[in-house]
Amino acid sequence: MNMRAFVLTRYGGPDAMELRDVPRPSPGPGEVLIHVYAAGLNPVDFKMREGMLRVISRYPLPIIAGSELSGVVVSKGSGVTSLAEGDRVFTRVDKKRLGAFAEFAVVREELVAKMPSSVDFTTAAGVPLAGLTALQALRDELRVTSDQNIFISGGAGGVGTFAIQLGKWLGAHIATTASARGEEMVRKLGADVVVDYAREHFDQVLRDYDGALDLIGGDTLLKSFGVVKRGAKVVSIAGVPEPQTASKDLQAGPTLATLFWAASWRIRHQARKYGVAYRYLFMRPSGTDLSELATLIDQQKLEIVIDRTFPFAHIADAFAYLEQGHAKGKVVVQMVE
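Using the working numbering, the first residue of the sequence shown is number 1369, and each one after it goes up by one.
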């Protein structure tokens, strides 16, 4: 039995991914088969298509692309105990398998959680990758506590909208950057200080923050070092992996650690000049963390910001829109109308 899927055929531009008919997968032990209702798009998806992540993750091509989804469990393999057929679920799929851009996907049980009961499938599909990234950056890496001052660059994007709200939930005072168009939205989400990046330089306005989450990379990351206190940490999802990424996150050997050491030298050197620590975040898929996010959403402590939705047949248009870099919140494709 076949299904429709968006397949990465080679590394390259937009034409490297195409809709194809492929065999429907079957769940093995410890896995569930999910009928996909919606899937979220993320910058990591087109970075993977362009081959930018080959050092970290090498995939056998062709492969079904896609990192996050929502849907309904239709069958399960042996040993699955926490999920049942008919459960409404969401997940950040296995990084080694991918497969969210398809009518059906197989995912390991421990990566799946029951989706919030208060939202629909389209909204839930926008949670896993951005929500997990923000949660793990603030809770695990920055260890945000009550009354701290935290700077988040790019607060109007997919991860930023979650990070602002989770930072406030953890009790922090949040400063962020946004355009004039995005300022009202990020303030509504809880940002205490908003710097319009078209009119002001955030590094000339903000000082002595307890930590920073960089979502932009480049010069924005380098300038973030001057915003935080000496001894503080700057966590980035848009910078360059550093040696700890290889050993802690990827469980890789010294060769990759050495490569990351060289690639991140300029960033780490700049961090040392300011007396701060630099950490590149490699998010971990986790059903347990997704359950925590689902609870916060159902308690109305976390709002999901969806910028635009597209039908699955127009997924190429969805990617073209995402790659413009102006989305306020998440971009989602609907697999089931």
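Cβ atoms here follow ideal geometry from the backbone N, Cα and C, with glycine treated the same way.
Cβ-Cβ separation between residue 1457 and residue 1441: approximately 6 angstroms, consistent with a contact (criterion under 8 angstroms). With 16 or more neighbouring CB atoms inside 10 Å of its own CB, residue 1550 falls in the buried class.
The beta carbon of residue 1430 lies closer than 7 angstroms to those of 1375, 1376, 1377 in the same chain, with the five residues before and after it left out. A direct Cα-Cα distance of roughly 13 angstroms separates residue 1620 from residue 1629. Collapsing the DSSP output to three states places residue 1469 in coil. Exposure of residue 1514 is indicated by the presence of fewer than 16 other C-beta atoms within 10 angstroms of its C-beta.
By the C-beta density criterion, residue 1622 is exposed, having fewer than 16 other C-beta atoms within 10 angstroms.
Look at the beta carbons and you see the stretch 1505 to 1520 touching the stretch 1575 to 1593: at least three pairs across the two are nearer than 8 angstroms. DSSP places residue 1429 in the coil class of the three-state scheme, outside both helix and strand.
Relative to the Cα of residue 1658, the nearest Cα in the group 1484, 1525, 1464, 1404 belongs to 1484.
Straight across, the Cα-Cα distance linking residue 1486 with residue 1493 is about 13 angstroms. The shortest C-alpha to C-alpha distance from residue 1529 to any of 1583, 1480, 1421, 1705 is the one to 1583. A Cβ-Cβ contact shorter than 8 angstroms links residue 1432 with residue 1373. Taking residue 1590 as the centre and dropping the five residues before and after it, the same chain places the C-beta of 1638 closer than 6 angstroms to its C-beta, in chain order.
Taking C-alpha positions only, residue 1648 is separated from residue 1617 by approximately 10 angstroms. For the pair residue 1473 and residue 1561, the CB atoms are not nearer than the 8 angstroms cut-off. Counting only runs of 4+ residues, the alpha helix (DSSP H) found wholly inside the stretch 1385 to 1471 occupies 1411 to 1417, in chain order.
Note that the C-beta distance between residue 1641 and residue 1674 is not below 8 angstroms.
Taking the CA atoms as reference points, residue 1692 sits about 42 angstroms from residue 1449. According to the DSSP secondary-structure assignment, residue 1371 is paired through a beta bridge with 1390. When DSSP states are grouped into helix, strand and coil, residue 1544 belongs to the strand group.
Counting C-beta pairs with one atom in each stretch, the stretch 1551 to 1559 and the stretch 1592 to 1604 have fewer than three that are closer than 8 angstroms, which means they do not touch.
In the same chain as residue 1574, and ignoring 5 residues on each side of it, the C-beta atoms closer than 8 angstroms to its own belong to 1519, 1543, 1561, 1563, 1595, in chain order. Scanning its chain for C-beta atoms nearer than 8 angstroms, with the 5 sequence neighbours on each side dropped, one finds around residue 1422 the residues 1379, in chain order.
In the DSSP assignment, residue 1520 is bridged to 1544, 1581. By the CB criterion at 8 angstroms, residue 1438 and residue 1460 fall outside the cutoff. Look at residue 1670 here: in three-state DSSP terms it is coil, with no helix or strand label. DSSP places residue 1597 in the strand class (E or B) of the three-state scheme. Annotation for residue 1502: the continuous alpha helix (DSSP H) segment containing it runs 1496 to 1503. It is roughly 27 angstroms from the alpha-carbon of residue 1545 to the alpha-carbon of residue 1490. For residue 1498, the closest C-alpha among the options 1381, 1412, 1613, 1400 is that of 1412.
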